Amino acid sequence: MNETGKPGPKTKRRAIALAGLIVANVLCTSFFAMDVITDFESLGTDEAFHLTVEAGAAVVLVVGTSFMILELRRILQRNASMEIGIRAARGEMQAVIDKYFAEWRLSDAERDVALLLLKGLDNETIASIRGTATGTVRAQCAGIYAKAGVDGRSQLMSVFMEELLSEPLGALRDGAAAEAA
Amino acid sequence: MNAKLETRDAGEAGIRIIPVWDPLVRLIHWSLVTTIVLNGFITDPERKLHEYVGYAALALVILRLVWGLVGPRHARFSAFPPNPIAAMRHIRDTLSRRSSLHLSHNPLGALMVYNIWGTVLLLCATGIMMGTIRFFGVEWVQEVHEAAFTWLMISVGLHLLGVFAETWMSGVPLVRAMVDGRKRVPAGREAE
Ligand code: HEM
Chain A
1 MNETGKPGPK
11 TKRRAIALAG
21 LIVANVLCTS
31 FFAMDVITDF
41 ESLGTDEAFH
51 LTVEAGAAVV
61 LVVGTSFMIL
71 ELRRILQRNA
81 SMEIGIRAAR
91 GEMQAVIDKY
101 FAEWRLSDAE
111 RDVALLLLKG
121 LDNETIASIR
131 GTATGTVRAQ
141 CAGIYAKAGV
151 DGRSQLMSVF
161 MEELLSEPLG
171 ALRDGAAAEA
181 A
Chain B
1001 MNAKLETRDA
1011 GEAGIRIIPV
1021 WDPLVRLIHW
1031 SLVTTIVLNG
1041 FITDPERKLH
1051 EYVGYAALAL
1061 VILRLVWGLV
1071 GPRHARFSAF
1081 PPNPIAAMRH
1091 IRDTLSRRSS
1101 LHLSHNPLGA
1111 LMVYNIWGTV
1121 LLLCATGIMM
1131 GTIRFFGVEW
1141 VQEVHEAAFT
1151 WLMISVGLHL
1161 LGVFAETWMS
1171 GVPLVRAMVD
1181 GRKRVPAGRE
1191 AE
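Chains A and B are the protein sequences, given in the same order.
Under my numbering, the residues of the first sequence are numbered 1 to 181, in order.
Under my numbering, the residues of the second sequence are numbered 1001 to 1192, in order.
If you want it as structure tokens, here you go:
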């Protein structure tokens, strides 16, 4: 399986860049603040203006950095909820697959083969994973298609694609729950 | 067979890869390490650079404390509350090899983390005081500054010991997680 469950590399890079900016900003702020403190000690009358400017700059930096911190938090939170959503969708899909396999009364071996078929593997690969002959896999595929009432691999796929596209996931879950009850 | 299939998906032997440390936590950690090494062993304490680096360390710790309040789940204080009783329990469970896995800091590590932050703050505070007219040349301030540094070095030593011990006992490569942000939890281990 590929990395579709993870937030894209672009958002990741943005989060890293933002974190870098925040740290840089905070370091700058600390230097301004330090200057203000040391100047405050040796405060002459003509220093007051200089001091005010520096203190002002420090305040502006702090405010700006606060916004960046909130933005970073927002990005990270969105990533996290996206990941949970995709994981949930995956779980739902597994439930749908199990439901159909049970309905079609596939044997254990047929279930394994069907799952590999859905993952897009060809007969040779399935045979090598399962340690059986290609002919066996071919026979099992024929059995699966017959039980499912489809005439081939792409129709088998489309049974599940249709499920995925036609109903909202919430409805699927409710349906599965109703069946389980 | 089904179980075996899932194992294949997850890559190496069913390891679950869980993002825990966000970029800011990691950047702060390694920047803080840099400032401590710089000021402990490289910069001249009499020079301006020592002061600049000290302010940077202070800023980093303050930023981390803010992030502990508003940051994502594993970075928050609530994920690793200071709890000496839980820390003792963690030692006991570790010795009997049945400690639970923690996605954020484990209870003992949490105590160490707060200790390190506190010590760095104390170092910064006394360092700044030494630079002021009011406390310039005051003996005890300098003594506290030096004692705090010694304590920080002891703490860092224990910190490293803890990190490697926990890595060895739990099978989760912690240093790698502090670099790329993701903890690799071995198959069949529950994590909290
Ligand atoms: C001056 C040296 C160091 C200081 C002051 C220090 C301080 C800290 C602090 C404050 C944390 C908590 C991080 C957070 O929650 O933001 C932490 C965590 C961590 N540090 Fe360090 N550190 C130092 C050196 C190192 C080194 C050299 C390594 C690696 C070889 C390391 C590895 C780690 C790891 C793996 C964690 C996360 C532990 C966990 O998973 O609970 N640290 N350190």
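Glycine is no exception: its CB is placed at the ideal position from the N, C-alpha and C atoms.
Since the structure is predicted, the reported quantities are computational estimates derived from the model, not experimental observations.
Test item: CB-CB of residue i and residue j under 9 Å
i: Ser1155(B); j: Met1112(B); result: yes
i: Leu1152(B); j: Val1120(B); result: yes
i: Glu47(A); j: Asp35(A); result: no
i: His1105(B); j: Asp1022(B); result: no
i: Ile1042(B); j: Val1185(B); result: no
i: Gly1109(B); j: Val1020(B); result: no
i: Ala1191(B); j: Arg1016(B); result: yes
i: Ile97(A); j: Leu115(A); result: yes
i: Ser1099(B); j: His1090(B); result: yes
i: Leu1065(B); j: Lys1183(B); result: no
i: Val23(A); j: Ser1031(B); result: yes
Nonlocal neighbours in the same chain, by C-beta distance under 6 Å from residue i, ignoring five residues either side
i: Gly20(A); result: none
i: Leu1193(B); result: In the structure as shown, chain B begins at 1001 and stops at 1192. Residue 1193(B) is therefore absent and cannot be evaluated.
i: Ile1116(B); result: Ser1155
i: Glu163(A); result: Val96
Own chain residues within Cβ distance below 7 Å of residue i, not counting five before or after
i: Arg111(A); result: Phe101
i: Val26(A); result: Thr65
i: Met1129(B); result: Phe1135, Val1141
i: Ala58(A); result: Thr29, Phe32, Ala33, Val36
Proximity to residue i [Cα-Cα], best of the options
i: Thr1034(B); options: Pro1019(B), Tyr1055(B), Glu1046(B), Trp1021(B); result: Tyr1055(B)
i: Ile37(A); options: Ala24(A), Cys28(A), Leu51(A); result: Leu51(A)
i: Phe160(A); options: Ala139(A), Glu92(A), Cys28(A), Phe31(A); result: Glu92(A)
i: Gly1127(B); options: Val1025(B), Gly1040(B), Arg1189(B), Ser1096(B); result: Gly1040(B)
i: Gly1137(B); options: Thr1167(B), Val1066(B), Glu1046(B); result: Glu1046(B)
i: Arg78(A); options: Ala15(A), Ile129(A), Phe31(A); result: Ala15(A)
i: Val1175(B); options: Leu1024(B), Arg1016(B), His1029(B); result: His1029(B)
i: Val1061(B); options: Thr1132(B), Gly1118(B), Arg1189(B); result: Gly1118(B)
i: Ser30(A); options: Leu1063(B), Phe1149(B), Ile1085(B), Asp1044(B); result: Leu1063(B)
Same chain, Cβ closer than 8 Å to residue i, neighbours up to 5 away in sequence not counted
i: Cys141(A); result: Val113, Leu117, Asn123, Arg153
i: Thr1167(B); result: Pro1173, Leu1174, Val1175
i: Gly1071(B); result: Asp1022, Leu1024, Val1025
i: Gly1068(B); result: Ala1075, Arg1076, Phe1077
i: Ile75(A); result: Thr11, Arg14, Ala15, Leu18
i: Val1144(B); result: Leu1122, Thr1126
**Item:** Interface residues of the stretch 1018 to 1038 of chain B facing chain A [CB-CB below 9 Å]
**Value:** Pro1019, Asp1022, Pro1023, Leu1024, Val1025, Arg1026, Leu1027, Ile1028, Ser1031
**Message:** Restricting to runs no shorter than 4 residues, where is the alpha helix (DSSP H) found entirely within the stretch 98 to 158 of chain A?
**Reply:** 108 to 118, 123 to 130, 134 to 148
**Request:** Note down, one range per segment and in chain order, each beta strand (DSSP E) of at least 3 residues found wholly within the stretch 1003 to 1062 of chain B.
**Result:** 1016 to 1019
**Asked** Using a Cβ cut-off of 7 Å, which residues of the stretch 12 to 33 of chain A contact any Cβ in chain B, in chain order?
**Response** Ala15, Ile16, Ala19, Gly20, Ile22, Val23, Val26, Leu27, Thr29, Ser30, Phe31
**Message:** Under 9 Å, CB to CB, which of the residues in the stretch 67 to 79 of chain A have a partner in chain B?
**Reply:** Ile69, Leu70, Leu72, Arg73, Leu76, Gln77, Asn79
**Request:** Report the residues of the stretch 1063 to 1079 of chain B with a CB closer than 8 Å to any CB of chain A, ordered along the chain.
**Result:** Leu1063, Val1066, Trp1067, Val1070, Gly1071, Pro1072, Arg1073
**Prompt:** What runs of the alpha helix (DSSP H), each 4 residues or longer, lie entirely inside the stretch 1102 to 1162 of chain B?
**Reply:** 1107 to 1131
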